[in-house]
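> Quick note on numbering: the numbering used here labels position 36 of the sequence shown as 1250, and the sequence is numbered without any gaps. Beta carbons: idealized from backbone N, C-alpha and C, even for Gly. One structure follows; several queries about it will come next.
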Amino acid sequence: MRIGQGFDAHRFSDGRKLVLGGIEIEYPLGLLGHSDADVLVHAIIDALLGAAGAGDIGMRFPDTEPAYKGISSLILLENVVNELTGLGFSILNVDATILAQKPKIGPYREKMLKTLSMVMGLNPSRINLKATTTEKMGFVGREEGIAATAVVLLEEPAYG
Ligand code: MG
1215 MRIGQGFDAH RFSDGRKLVL GGIEIEYPLG LLGHSDADVL VHAIIDALLG AAGAGDIGMR
1275 FPDTEPAYKG ISSLILLENV VNELTGLGFS ILNVDATILA QKPKIGPYRE KMLKTLSMVM
1335 GLNPSRINLK ATTTEKMGFV GREEGIAATA VVLLEEPAYG
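As structure tokens, this is what we get:
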């Protein structure tokens, strides 16, 4: 077994869609980033890469690369999942937390879960999504942005 953890944070910005867990969320502000700035998916990607000992999302998908401008992070996630499963890794489970003072994540949780389980080819029972505020403390609490953490457990390929 191999464990990996991921963390990401993006700041709010005008004139952007808010995309979290691969779905659009109704909110007056979006997150700033080179891709769609899906902070939850980025944390999951980093946890996957971490567990596989395969670097990080910035090495894989540099924000200087025009091809990734505005890209759906689900495509990046699918790419990483395909690579790891191609190497023989199995994803056992994903546990993630969104840190957001606003908006409320609860109403979108099921749809995020469905989307992620589809893209990752995982039974939804293997993905757990949590959300918390930070009780108005720090950058999340001041509503400057959203952060996310994720932990992933992989089973290594059996080497002969
Ligand atoms: Mg990011």
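Whole angstroms is fine: what's the gap from residue 1328's alpha carbon to residue 1231's?
One C-alpha to the other measures close to 20 Å.
> With C-beta atoms as the reference, is residue 1253 less than 8 Å away from residue 1309?
For residue 1253 and residue 1309, no; Cβs fall outside 8 Å.
> Residue 1222 by DSSP, collapsed to three states: which one?
Reduced to three states, the DSSP call for residue 1222 is strand.
> Is the CB-CB distance between residue 1265 and residue 1368 below 8 Å?
A contact, by the Cβ cut-off of 8 Å.
> Would you list the one or two residues that DSSP bridges to residue 1307?
DSSP output for residue 1307 lists 1367 as bridge partner(s).
> When we look at the beta-carbon of residue 1270 and count the other beta-carbons within 10 Å, is it buried (16 or more) or exposed?
It counts as exposed.
> State the Cα-Cα distance for the pair residue 1243 and residue 1304, rounded to the nearest angstrom.
In a straight line, the C-alpha of residue 1243 is about 36 Å away from that of residue 1304.
> Just checking residue 1247 against the ligand MG - is the residue's beta carbon closer than 7 Å to any of the ligand's heavy atoms?
For the ligand MG, at least one heavy atom lies less than 7 Å from the Cβ of residue 1247.
> With a cut-off of 8 Å, do at least 3 Cβ pairs link the segment 1225–1240 to the segment 1311–1330?
The segment 1225–1240 is in contact with the segment 1311–1330.
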